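Visitor: So that you can map any letter, position 140 of the sequence shown is 322 in my numbering, and since no number is skipped, the others follow by simple counting.
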Amino acid sequence: MRTGEPLPEVGDILAALATGLWHWDTAAGEVEVDAEAARLLGLPAREARLTEAQVRSRLHPEDWNEITGVVQLAVAEGTLAEVRIRIMDGQGRVVRVVRSRSKPSFDPERRAYELIGTLQEVAEPAPGTPAGRSAVTGDWRRSREAFLLDAGRALAEARSTQEVLRVAAGLSMPGFSPDGLAVFGVEGDRLTIIGHHGQRKDEEGPFSGMPLNTDYPATEVVRTGRAVYLSSPEEYRSRYPVTWPLAERFGRRSWAYLPLTAAGRTMGAWMAAFAYPVAFTPDERSVLTTVARMLAQALSRAGAAETQRKLTDGLQRSMLPVVGPDIPGMDIAARYVPTGGGLQVGGDWYDVIPLPRGRFALVIGDVQGHDVRAAGLMGQLRIALRAYAAEGHRPDAVLSRASHFFHGLTQADCDGDPGDVRFATCYYAEVDSATGTVESARAGHLDPVVRMADGTALIRATAGGLPLGIDPDSDYPTTRHALEPGETLMLCTDGLVETGGHDLRTGWGRLRTVLEDRWDSMDELADALVQAVLGPSSHHTTGPLPDRREDDIALLLLRRESGDYVGARPPGRRTMMTVAQAEPERISEARQQLRGLLHDWPDEDQRDSAVLLLSEVLTNVLVHTDTDALLVTDVTGEPGERRIRVEVTDTGADLPHKRRPGEMASSGRGLMLIELLADAWGVAPRGEGKSIWFEFYESGGSGAGVAVAPSEEP
């Protein structure tokens with residue numbers, strides 16, 4: 183062709199270059215091809231109008247999906263859509279590979295894409311060659327898919343913003359990996375830096391707080407929501423001359439700035455900077471865009487979770503008291519652990535309430551449920567209990583009033599749905615710091631645990647009533663016992679006992695092992711109890727039930743200072759208990775308490791004999807007198823030479839005496855059993871009343887079966 187002659191037709195030029203032309207309208211579902219494009223698709227070489235199904239049948243299935251993603255990406259970024267396509271024959275064999283280049287557009291009214299592009303055959307690169315690694319097809323695609331799966335899994339498991347940034351910094355993209363990363367956020371009309379990698383901490387200053395109207399790639403991405411790719415320093419300098427000096431000193435050769443979009447909102451920008459030139463092919467842009475989307479979702483989840491944790495932690499802290507070491511003669515430690523998933527706030531609580539005349543009250547409870555409503559009800563109930571305690575009511579009256587209040591509160595708050603009525607368990611105790619006297623009332627809550635001065639831990643049986651809110655007129659009897667010097671009172675919610683698939687029996691056994699060890703402080707003991715339930719070892723000591731760690735834990739420890747026994751354990755154990763005439767069922771509790779006290783006694787026959795004689799003595803008081811029985815149990819001595827003394831006192835005037843019951847008599851053998859089984863026993867007057875006692879010696883004793891005169895003491 184000579185100079186000055188008219189240019190040939192475009193179609194002739196494309197035919198000379200073996201390049202086909204095609205037009206695809208997704209709304210009509212049709213593809214128009216010229217003769218060369220038809221030939222490249224494996225069809226007769228003539229112009230044709232094809233359906234999408236006809237074209238799709240000639241393409242490799244993976245490549246059809248590739249085209250869809252590349253087209254959407256190109257429309258979003260306003261760039262060309264370029265992709266390699268494998269052409270298949272009727273037997274599913276690849277006959278050739280073609281490159282498609284097109285300029286897509288999107289019609290929002292028709293909600294359809296329209297593409298006009300070219301097809302040109304390319305040589306399929308050999309596997310393992312540099313060309314093969316950079317091609318869309320072959321090993322690179324498989325590496326990219328594996329990378330995206332790993333990156334998605336790692337980002338999905340990140341629970342905080344710092345974890346998300348660490349994962350992003352460790353991503354190694356197939357074929358190209360950035361050596362510098364930065365995540366930008368937005369506060370008002372300024373750019374912020376959430377985190378970065380590959381730059382020093384002191385180098386972020388010029389970029390943090392940058393106004394959004396600055397001529398900078400990240401601010402443009404935030405303003406427009408469209409990615410910016412800069413393949414060379416020259417391109418960066420020409421497009422952003424104002425901020426180029428800020429980027430020049432890092433010595434990078436290529437940059438990609440992508441929007442971080444979550445729920446349709448651009449929340450920031452992600453920069454990936456490279457120390458070598460990157461062409462940013464459609465495939466590389468596709469990988470970067472996918473990572474940016476996953477990164478935005480991970481940051482959004484982490485940010486929401488952190489905000490929720492701050493809110494719920496602040497709410498829970500505002501509802502729980504600050505336990506201070508300002509009670510004379512007492513040491514207190516408390517823990518609250520929200521172990522449930524999701525919203526980490528629930529209905530468990532504890533409280534320490536100062537009272538007049540050196541007394542104070544301990545409260546622990548659990549409102550049914552693990553949600554915001556349970557937390558709100560808990561806060562109101564805690565305030566009500568404080569008010570009733572401040573009015574000077576005794577423990578039984580405090581819980582009775584609290585139950586009436588809570589019943590009215592939950593009835594009014596359930597919106598007429600009887601299935602949504604809540605209840606609450608509670609244990610309330612008043613403690614005299616001078617004498618160690620504890621008066622308590624219990625509303626469906628767990629019994630307290632006492633760790634004695636020698637380390638023995640026992641469940642302290644207490645009288646109780648229904649949980650708060652079930653019956654507004656419930657009664658709550660009072661139980662009184664003494665906290666001896668060196669003893670520790672443990673109050674907890676059921677989460678501490680049952681977490682890890684345990685029931686009350688197996689859970690108590692797990693805690694008892696921790697309680698009976700030696701601890702230098704109450705804080706150490708509190709931490710050890712929580713670790714036993716939630717620490718790594720707890721996953722290997724699960725109970726017989728399904729392991730569900732979804733319950734809150736509230737724990738309150740009170741230790742009475744041991745006086746002369748500071749730094750050492752005293753050698754004895756002592757318990758006291760009252761059995762009233764109207765409470766014969768407490769004989770069973772007394773037997774259980776005695777078994778717990780003798781849990782490490784080596785002679786099983788002696789343990790059984792002591793329990794039998796205790797039951798006999800208590801029963802005699804309730805049957806033959808009209809008074810209550812006071813039970814005092816003492817274990818003294820060093821291991822191997824210990825002595826247990828059980829003494830039951832009543833105010834009856836008649837002293838017991840041995841009888842010779844007939845063969846058919848149903849009573850009269852009590853003292854005969856005591857004389858036969860005990861190592862020593864006796865009856866002693868006590869002013870208005872008497873006490874009967876018996877002893878067992880761990881070493882077998884030399885005084886087995888020896889009776890002491892009724893007026894004598896051992």
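Each residue gets a CB set at the ideal place from its N, CA and C atoms; glycine is no exception. Please read all numbers here as calculations on a predicted model, not as lab measurements.
(1) Comparing C-alpha positions only, which one of Pro718, Glu669 and Asp657 sits nearest to Arg682?
(2) Three-state secondary structure (DSSP) at Gly362?
(3) Exposed or buried, what is Ala543 when buried is set at 16 or more other beta-carbons lying within 10 Å of its beta-carbon?
(4) How far does the beta strand (DSSP E) with Thr233 in it extend, from its first residue to its last?
(5) Strictly by DSSP, which residues pair up with Trp206?
(6) What are the residues that DSSP puts in a beta bridge with Thr815?
(7) Would the beta-carbon of Gly529 fall within 9 Å of that of Val549?
(8) Under three-state DSSP, which class holds Ser436?
(9) With DSSP as the reference, please indicate the residues paired to Gln302 in a beta bridge.
(10) Using DSSP's beta-bridge definition, name the partner residues of Trp452.
(11) Look at Pro649 and Cys608 and say whether their C-beta atoms are less than 9 Å apart.
(12) Under three-state DSSP, which class holds Met634?
(13) Can you tell me whether DSSP reads Gly864 as helix, strand or coil?
(14) Roughly how many angstroms lie between the CA atoms of Thr638 and Leu812, to the nearest whole one?
(15) Let me check understanding here. Comparing Cα to Cα, which of Ala862, Gly352 and Val404 lies closest to Thr443?
(16) Report yes or no: do the region 758-777 and the region 652-668 share at least 3 C-beta pairs separated by less than 8 Å?
(17) Going by DSSP in three states, Pro728 sits in which element: helix, strand or coil?
(18) Mind checking Val280: buried by the 16 CB within 10 Å criterion, or exposed?
(19) What residue does the beta strand (DSSP E) around Glu743 start on, and which one ends it?
(20) Relative to the alpha-carbon of Arg447, which residue among Glu666, Val368, Thr723 and Pro427 has its alpha-carbon at the smallest distance?
(21) Here's the rule: buried if 16 or more other CB atoms are within 10 angstroms of the residue's CB, otherwise exposed. What is Ala200?
(22) Could you tell me if Leu331 is buried or exposed, where buried requires 16 or more neighbouring beta carbons within 10 angstroms of its beta carbon?
(23) Quick one, are the C-beta atoms of Val580 and Tyr570 less than 9 Å apart?
(24) Going straight from the alpha carbon of Ala645 to that of Ser582, what length do you get?
(25) Is it right to say Ser881 is buried, meaning 16 or more other beta carbons lie within 10 angstroms of its own, or is it exposed?
(26) Where does Gln788 land, buried or exposed, given buried means 16+ other C-beta within 10 angstroms?
(27) Leaving out five residues before and five after Leu855 in sequence, what residues of the same chain have Cβ atoms less than 8 Å from its Cβ?
(28) Any idea what DSSP makes of Asp245, helix, strand or coil?
(29) Between which two residues does the alpha helix (DSSP H) harbouring Trp690 extend?
(30) Would Gly844 be called buried (16 or more neighbouring beta carbons within 10 Å of its own) or exposed?
(31) Flag this pair as yes or no: are the beta carbons of Met672 and Pro726 separated by less than 9 Å?
(32) What span of residues does the beta strand (DSSP E) with Val346 cover, start to end?
(33) If you count every other CB in all the chains shown that lies within 10 Å of the CB of Tyr458, and 16 or more means buried, which is it?
(34) How far does the alpha helix (DSSP H) with Pro415 in it reach, from first residue to last?
(35) Using CA coordinates, which residue listed in Asp657, Ala454, Asn802 and Gly274 is at the minimum distance from Ala409?
(36) So, do the region 407-425 and the region 244-264 have three or more beta carbon pairs nearer to each other than 8 Å?
Guide: Taking the coordinates as given:
(1) The amino acid at residue 682 is misidentified as Arg; the sequence shows Gly. Nearest of Pro718, Glu669 and Asp657 to Gly682, Cα basis: Pro718.
(2) In the displayed model, Gly362 falls within a strand according to three-state DSSP.
(3) Ala543 is buried by the Cβ-count criterion.
(4) That run of the beta strand (DSSP E) goes Ala230 to Thr233.
(5) DSSP lists Val213 and Leu297 as partners of Trp206.
(6) The secondary-structure analysis by DSSP pairs Thr815 across a beta bridge with Thr757 and Val828.
(7) Annotated as proximal: Gly529 and Val549, with beta-carbon spacing under 9 Å.
(8) DSSP, read as helix, strand or coil, puts Ser436 in strand.
(9) For Gln302, which the question treats as bridged, DSSP gives the partners Thr201 and Arg281.
(10) Answer by DSSP bridge pairing, in chain order: Val365 and Leu440.
(11) Inclusion of Pro649 and Cys608 in the CB contact set at 9 Å is warranted, their separation being smaller than that value.
(12) Residue state, collapsed to three classes: coil.
(13) Three-state result, Gly864: strand.
(14) Thr638 and Leu812: Cα-Cα distance of roughly 22 Å.
(15) If we check each option's Cα against that of Thr443, Val404 comes out closest.
(16) Taking a cut-off of 8 Å on C-beta distances, the region 758-777 touches the region 652-668, as three or more cross pairs fall below it.
(17) Residue state, collapsed to three classes: coil.
(18) A buried status is given to Val280, since no fewer than 16 other beta-carbon atoms sit within 10 Å of its beta-carbon.
(19) Here Glu743 belongs to no beta strand (DSSP E), and DSSP marks it neither H nor E.
(20) The closest CA to that of Arg447, considering only Glu666, Val368, Thr723 and Pro427, is found on Val368.
(21) By the neighbour-count criterion, in which 16 or more other beta carbons inside 10 Å mark a residue as buried, Ala200 falls on the exposed side.
(22) Exposed, because fewer than 16 other Cβ atoms sit within 10 Å of the Cβ of Leu331.
(23) Taking 9 Å as the cut-off, the Cβ atoms of Val580 and Tyr570 count as close.
(24) A direct Cα-Cα distance of roughly 14 Å separates Ala645 from Ser582.
(25) The residue in question, Ser881, is exposed, as its Cβ has fewer than 16 Cβ neighbours within 10 Å.
(26) Burial state of Gln788 is buried, judged by a 10 Å Cβ sphere holding 16 or more other Cβ atoms.
(27) So the list reads Leu794, Leu795 and Glu798, once near-sequence residues are dropped.
(28) In the three-state reduction of the DSSP assignment, Asp245 falls in the helix class, which pools H, G and I.
(29) Segment Leu686 to Leu697, the alpha helix (DSSP H) holding Trp690.
(30) Its pLDDT being 48, under 50, Gly844 is placed unreliably in this model, and the value from its coordinates should be taken loosely. Label assigned to Gly844: exposed.
(31) Not in contact: Met672 and Pro726 (Cβ atoms no closer than 9 Å).
(32) Unbroken run through Val346 is the alpha helix (DSSP H), Thr343 to Ala351; no beta strand (DSSP E).
(33) Exposed, because fewer than 16 other Cβ atoms sit within 10 Å of the Cβ of Tyr458.
(34) Looking at the DSSP string, the run of the alpha helix (DSSP H) that includes Pro415 is Pro415 to Arg421.
(35) Considering only alpha carbons, the answer is Ala454.
(36) Result yes; three or more Cβ-Cβ pairs closer than 8 Å.
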